[in-house]
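Per this note's numbering, residue 5 is the first one in the sequence shown, and the count goes up by one each step. For reference, the structure discussed in these notes is given below.
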Amino acid sequence: MTAYVFPGQGAQFSGMGKNLYESSDSARQLFEKANEILGFEITKVMFEGSDEELKQTNVTQPAIFLHSVILASTIENFKPDMVAGHSLGEFSALVAAGALSFEDGLKLVSQRADAMQRACEINPSTMAAILNLDDKVVEDICAGIDGVVVAANYNCPGQLVISGSIEAVTEACEQLKAAGAKRALILPVGGAFHSPLMEPAREELAKAIENTTFSTPTCPIYQNVNAQPSSDVATIKANLIAQLTAPVRWTQSVQNMVADGATKFVECGPGKVLQGLVKKIAPPEIETAGV
């Protein structure tokens, strides 16, 4: 069984999607439609923008979504047995699996990016990558710190990202290094994604998701919130709303997909980050590839 996986924020690069635009008429039409929906030429930023321009949340999230979804649309006989996406990538996965239209998916991603940006401005906050420490140790240390700091991304064994207020994350990093973490590195992000500090964004996005039409996907989607396969529209919507303030359980999602029969993981989108994570999570016989 083949699982298609879709990357999240951080996979962007200047020039992303340009070859698709130039080589496929159908891809070009979707890119042009995206420019209309967003009200600005995102293609210009994707194809020619600087790293700094591409880092802006209102550009990054739609750009990665567009690259992933349009790439999937150009694959002949695209029939995944299961899909998953890392954070933002969950929206790409839902569109690729037919649960959301291209237009609705893009609108939700754009609204999500704007809502997250506003939440970041309300609460100055950050994230940090913790390497080579058991998940339970990280969780326990975070729980003992005064202030908001939580496990946010379970990326692979030995790689967990924490998220919260600047003071609490800084304090957690000191304690985690003392506990034996190989690295505790503050990340260059705009805010505390997948933490309680995203509550204003969750409330804003909930209304948009509730007002959007979803369909039953063509295959199960393993969602970040619980790492379980979903095909039920009401469940998918509820999990998508919860995702902003809950951790991304990527390690557990990949483990569950393997347990349910996945023998090959194909990353669909910019970069190779997810291929690297899958190799660290899945048994060595599991195949990984990019589109």
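For each residue, glycine too, the CB sits at the ideal point set by N, CA and C.
Alpha-carbon to alpha-carbon, residue j and residue i
{"i": "C272", "j": "A97", "result": "9 angstroms"}
{"i": "K241", "j": "I213", "result": "7 angstroms"}
{"i": "E57", "j": "Q65", "result": "12 angstroms"}
{"i": "L164", "j": "A156", "result": "7 angstroms"}
{"i": "K140", "j": "N62", "result": "34 angstroms"}
{"i": "Y25", "j": "L92", "result": "22 angstroms"}
{"i": "A263", "j": "E207", "result": "34 angstroms"}
{"i": "R187", "j": "G162", "result": "10 angstroms"}
{"i": "I74", "j": "S28", "result": "10 angstroms"}
{"i": "I149", "j": "I170", "result": "12 angstroms"}
{"i": "F17", "j": "M50", "result": "8 angstroms"}
{"i": "N243", "j": "K59", "result": "26 angstroms"}
{"i": "V295", "j": "T216", "result": "29 angstroms"}
{"i": "G53", "j": "P287", "result": "39 angstroms"}
{"i": "Q232", "j": "Q13", "result": "22 angstroms"}
{"i": "T78", "j": "N23", "result": "12 angstroms"}
{"i": "E36", "j": "L191", "result": "33 angstroms"}
{"i": "K211", "j": "G43", "result": "22 angstroms"}
{"i": "S105", "j": "K48", "result": "23 angstroms"}
{"i": "D55", "j": "T239", "result": "36 angstroms"}
CB contact check: residue i to chain B, cutoff 7 angstroms
{"i": "C177", "result": "As a matter of chain content, chain B is missing from the structure shown, which is built from one protein chain."}
Beta-carbon spacing of residue i, residue j below 7 angstroms
{"i": "S235", "j": "Q227", "result": "no"}
{"i": "L278", "j": "V9", "result": "yes"}
{"i": "A76", "j": "A100", "result": "yes"}
{"i": "F269", "j": "T292", "result": "yes"}
{"i": "S219", "j": "A88", "result": "no"}
{"i": "L137", "j": "A185", "result": "yes"}
{"i": "P204", "j": "I126", "result": "yes"}
{"i": "G265", "j": "M5", "result": "yes"}
{"i": "I285", "j": "V252", "result": "no"}
{"i": "G151", "j": "S199", "result": "no"}
{"i": "A38", "j": "M261", "result": "no"}
Bridge partner(s) assigned by DSSP for residue i
{"i": "T217", "result": "The partner list for T217 (beta bridge, DSSP) is empty, contrary to what the question assumes."}
{"i": "V87", "result": "Y8, I225"}
{"i": "N157", "result": "V165, V252"}
{"i": "L189", "result": "A133"}
{"i": "S234", "result": "I225"}
{"i": "A293", "result": "V270"}
Close beta carbons around residue i, own chain, < 8 angstroms, minus the five adjacent residues each side
{"i": "I145", "result": "A176, Q179, L180, A183"}
{"i": "M202", "result": "M120, A123, G195, A196, L248, T249"}
{"i": "V237", "result": "A103, F218, S219, T220"}
Whole-angstrom C-beta distance between residue j and residue i, which should lie under 8 angstroms
{"i": "A31", "j": "S129", "result": "Contact doesn't hold; Cβ gap of about 36 angstroms is too wide."}
{"i": "P84", "j": "P274", "result": "Contact doesn't hold; Cβ gap of about 18 angstroms is too wide."}
{"i": "A46", "j": "E107", "result": "Position check: residue 46 holds Ile in this sequence, whereas Ala was assumed. At roughly 14 angstroms, the Cβ-Cβ gap does not stay under 8 angstroms, so I46 and E107 are not in contact."}
{"i": "L209", "j": "Q115", "result": "6 angstroms"}
{"i": "L281", "j": "N81", "result": "26 angstroms between Cβ atoms; not a contact."}
Same chain, Cβ closer than 7 angstroms to residue i, neighbours up to 5 away in sequence not counted
{"i": "T267", "result": "M5, I290, E291"}
{"i": "L189", "result": "A132, A133"}
{"i": "I166", "result": "M131, A132, I134, V142, C146, V153, V154, A155, A156, V173, A176"}
{"i": "H71", "result": "M20, G21, G273, P274"}
{"i": "K283", "result": "T292"}
{"i": "A15", "result": "I68, G273, P274, G275, V277"}
{"i": "V193", "result": "T130, M131"}
{"i": "A246", "result": "V229"}
{"i": "K111", "result": "I41"}
Sequence-distant residues of the same chain with beta carbon closer than 6 angstroms to residue i, five excluded per side
{"i": "T2", "result": "The structure shown does not extend to residue 2, since the chain is modelled only from 5 to 295, so the question has no answer here."}
{"i": "G109", "result": "F95, V99"}
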